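Here's the structure, in structure tokens; my notes come after.
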Amino acid sequence: MSVNFTEGNGSHVTKFFSWLDFLVFGVMLCLSALIGVYFGFFAKKKQNTTTEYLMGGKTMGIFPISMSLIASYISGISLLGLPSEMYVYGTQYSMIMCPEAFVSITMALVYLPVFYKLQITSSYEYLSLRFSRTVRLMGSILFLVKMLLYIPIVIYVPAMAFSQVTGTNLHLITPIVCIVCIFYTTLGGLKAVVWTDTLQTFLMFGGVITVMILGTVNVGGPGVVWERSHQSERLEFFNFNLDPTLRYTFWNVSFGNYFYWLASCSVNQAMVQRCLAMPTIYKANITILILALGIVGIVSMSCYTGLVIYATFHDCDPISTHIIGKADQLLPYFVMQISQSVPGLPGIFLSGVFSAALSSMSTGLNSMTGVIFEDLIRPMAKKPISEKCASLIMKVIVVVIGTVCVGMVFVVENMGTIIQAGKSLAGITAGSLLGVFSMGMFFPWANAKGALVGGVASMAFVSWISIGSQIAIAKGQIKFHTKLVSVEGCDIELLNNTDNFAAIPAIVEEPLYIYRISYMWYALIGVATAIIVGMAVSFLTKANSAEDIDPDLLTPVIHRFLPSKARHIELLPHKQDVAEHQKSSFEHRLKE
Numbered sequence: 001m002s003v004n005f006t007e008g009n010g011s012h013v014t015k016f017f018s019w020l021d022f023l024v025f026g027v028m029l030c031l032s033a034l035i036g037v038y039f040g041f042f043a044k045k046k047q048n049t050t051t052e053y054l055m056g057g058k059t060m061g062i063f064p065i066s067m068s069l070i071a072s073y074i075s076g077i078s079l080l081g082l083p084s085e086m087y088v089y090g091t092q093y094s095m096i097m098c099p100e101a102f103v104s105i106t107m108a109l110v111y112l113p114v115f116y117k118l119q120i121t122s123s124y125e126y127l128s129l130r131f132s133r134t135v136r137l138m139g140s141i142l143f144l145v146k147m148l149l150y151i152p153i154v155i156y157v158p159a160m161a162f163s164q165v166t167g168t169n170l171h172l173i174t175p176i177v178c179i180v181c182i183f184y185t186t187l188g189g190l191k192a193v194v195w196t197d198t199l200q201t202f203l204m205f206g207g208v209i210t211v212m213i214l215g216t217v218n219v220g221g222p223g224v225v226w227e228r229s230h231q232s233e234r235l236e237f238f239n240f241n242l243d244p245t246l247r248y249t250f251w252n253v254s255f256g257n258y259f260y261w262l263a264s265c266s267v268n269q270a271m272v273q274r275c276l277a278m279p280t281i282y283k284a285n286i287t288i289l290i291l292a293l294g295i296v297g298i299v300s301m302s303c304y305t306g307l308v309i310y311a312t313f314h315d316c317d318p319i320s321t322h323i324i325g326k327a328d329q330l331l332p333y334f335v336m337q338i339s340q341s342v343p344g345l346p347g348i349f350l351s352g353v354f355s356a357a358l359s360s361m362s363t364g365l366n367s368m369t370g371v372i373f374e375d376l377i378r379p380m381a382k383k384p385i386s387e388k389c390a391s392l393i394m395k396v397i398v399v400v401i402g403t404v405c406v407g408m409v410f411v412v413e414n415m416g417t418i419i420q421a422g423k424s425l426a427g428i429t430a431g432s433l434l435g436v437f438s439m440g441m442f443f444p445w446a447n448a449k450g451a452l453v454g455g456v457a458s459m460a461f462v463s464w465i466s467i468g469s470q471i472a473i474a475k476g477q478i479k480f481h482t483k484l485v486s487v488e489g490c491d492i493e494l495l496n497n498t499d500n501f502a503a504i505p506a507i508v509e510e511p512l513y514i515y516r517i518s519y520m521w522y523a524l525i526g527v528a529t530a531i532i533v534g535m536a537v538s539f540l541t542k543a544n545s546a547e548d549i550d551p552d553l554l555t556p557v558i559h560r561f562l563p564s565k566a567r568h569i570e571l572l573p574h575k576q577d578v579a580e581h582q583k584s585s586f587e588h589r590l591k592e
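With the first letter of the sequence shown counted as 1, position 100 gets the number 100 in UniProt numbering; the numbers rise by one all the way through.
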């Protein structure tokens, strides 16, 4: 299959997605599917119990869990979006790597010890133990909303890339990707997801490293990349401007993004579920450290690749000349430009992007299934659900959710750049969830009413800001400063396609100031709103006494400040539920 492109010198050529590319891509999909088949039918322990299907029997090793965590976080959004952000807006966004170390430390010391002490399957069980079942239901729904907004973007990204390099209809590829992902997630449960993530992590790194090195060699070396980036003023790392409306500054990328990543890692069911699948908390903390190193590595290479792309097209911008329609198409276009010297490169690249997408989607499906079953279905069941029936229900849930996500891809097509769209939507629920969990772990006085009102108020407030901002951007009321591009080196035929006339600026209505705030602050705004409103409501509706809260439900960081009586409290009703749950799980494993 072929697709038409225009070379940087203006000559029109046809780039082929060869049989070798299809073979590489097909092998990746087949291996992913076979892993699901193995764990579904041939593994020693079949995925027919809740513990095996959702937690891998709590016998998973450090290596596969670490690779799964990396693959879960690095989606196709990052692989395609990060280079385009560097190309269009400069390198300030690359400072997102700074808070990752602090996020890992925070997760290991503050949040994970609480979840591990309670030994729960769903992180939202904590909200039931600390507050009430209503708050748990709210947290579960917020998580499901977040993932339903996120997964369609994850699906759209590789489908768009595949469509661009092969000419295949995007809506033909989307169901194919989802069917493969739904297939192995349904059959193999967490173990299949984790081991396919491991395979896909290697493909991801392989694709990024190959493209990065070839691009650097073709342009003349790292020195040329750095020099051309410097001349265009793209190298910007420490913009200390305090204006919150600027798209990227050191402050919003470092501090604002810290809370987004903290929400994504510390209380997110997808991450917590994998950490709890480890046999000890020591091993869980090692996986978190490896996660931090892996993220820094892949983000660094993706950001550098964006500078390589600019160095390649420094005198003939493919966006201005309408060779491509959106900045998110830069990396696929770049790969096809350099693919002539390396047979199979488009296939390797596309396998890497699809691997990132498949890992994120399968993780989302598996974690959403756990939340729906443990937090929504099981509590409403009048009779105990047998393990065989539970396994069947969870597999049906995976299929249903996957189908819904495919349909939502149509909505994603009409959004802005994928990095901003993804984080803007995720920020709606990320800050709210982190705020509610933090309220429960740090503030013993917080009660159920405060948590419920604080969580809902936070989500409503950030939704208003996020949606209002997206509408203002669509209307042209909000525009962001972009870095310099040039078309001086383009062929005359391409220059004719350039919008080289001076358009008369239209008079647009100024949007509300709050709509102009950078999307990087959304998670922090959500956290602050949830805690402030939640604590105010708690004190207005008779706050809890610190002596009445089981210390196991509070982060170890504040134990030294608790009343001495609280540190020696007997089992409360909610603690008895946990004890019974642990005893039941232990007895079940003994029977196996």
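Note that the Cβ used here is the ideal one computed from N, Cα and C, for glycine as well. What you are looking at is a predicted structure, and each value in this text was computed from that prediction instead of being measured.
The residue from V177, Y258, F240 with its alpha-carbon nearest to that of F250 is F240.
Per the C-alpha coordinates, the member of G256, V371, F162, A536 positioned closest to F102 is G256.
Counting only runs of at least 4 residues, the region 76-119 fully encloses the following alpha helix (DSSP H) elements, listed from N- to C-terminal order: 76-89, 98-106, 112-118. Cβ-Cβ distances below 6 Å link G220 to nothing in the same chain once the five nearest sequence neighbours on each side are left out. Here I397 has T369, I372, F373 as same chain residues with Cβ atoms under 7 Å from its own Cβ, once five neighbours each way along the sequence are excluded.
As the crow flies, the alpha-carbon of T174 is around 39 Å from that of L118. Exposed is the label assigned to S545, since fewer than 16 other Cβ atoms lie within 10 Å of its Cβ. Inter-segment contact for the region 467-475 and the region 137-151 is absent: fewer than three beta-carbon pairs are separated by less than 8 Å. By the neighbour-count definition (other C-beta atoms within 10 Å, threshold 16), P279 is an exposed residue.
When DSSP states are grouped into helix, strand and coil, F162 belongs to the helix group. With 16 or more neighbouring CB atoms inside 10 Å of its own CB, K449 falls in the buried class. Three or more beta-carbon pairs drawn from the region 322-330 and the region 82-89 are found closer than 8 Å, and the two stretches are therefore classed as touching. Secondary structure remark: continuous alpha helix (DSSP H) runs of at least 4 residues inside the region 148-229, in chain order: 170-219. Collapsing the DSSP output to three states places Q329 in a helix. Per DSSP, reduced to three states, the secondary structure at I74 is coil, with no helix or strand assignment. M204 and G352 do touch by the CB rule: their CB atoms are close to 5 Å apart, below 8 Å.
One thing to note: P244 has its Cβ no nearer than 9 Å to the Cβ of W19.
Judged by their CB atoms, T201 and S359 are nearer to each other than the 9 Å cut-off. A direct Cα-Cα distance of roughly 35 Å separates G364 from K483. Boundaries of the alpha helix (DSSP H) harbouring W19: 19-37, taken from the DSSP string.
In the displayed model, L512 falls within coil according to three-state DSSP, outside both helix and strand. Counting along the chain, no alpha helix (DSSP H) covers L376, and no H or E run does either. Selection Y116, A523, F25 evaluated against R274 yields Y116 as nearest (Cα-Cα).
Residue burial is scored here from C-beta neighbours: L512 has fewer than 16 other C-beta atoms within 10 angstroms and is therefore classed as exposed. Taking T429 as reference, the option from I467, F443, P343, I295 with the minimal CA-CA separation is I467.
Non-local beta-carbon contacts of M67 in its own chain, meaning distances under 7 Å to residues more than five positions away in sequence, involve D197, T198, T201 in chain order.
Straight-line measurement puts the Cα of F143 at about 8 Å from the Cα of N268. The residue among P556, G455, I286 with its C-alpha nearest the C-alpha of F63 is I286. Put simply, the backbone Cα of F437 is about 23 Å away from that of K283. In the structure shown, E233 falls within a coil segment according to DSSP collapsed to helix, strand and coil.
Excluding residues up to 5 positions away in sequence, A448, L452 lie with their Cβ nearer than 8 Å to the Cβ of T134 in the same chain. For Q477, no alpha helix (DSSP H) run applies, since DSSP gives it neither H nor E. Contact annotation: L79 and V208 have beta-carbon atoms nearer than 9 Å. Excluding the 5 residues flanking it on each side, R516 has same chain C-beta neighbours closer than 7 Å at T245, I478, in chain order. Taking 9 Å as the cut-off, the beta carbon of Y156 is found closer than this to the beta carbon of V409.
When secondary structure is reduced to three states using DSSP, D491 falls in the coil class, being assigned neither helix nor strand.
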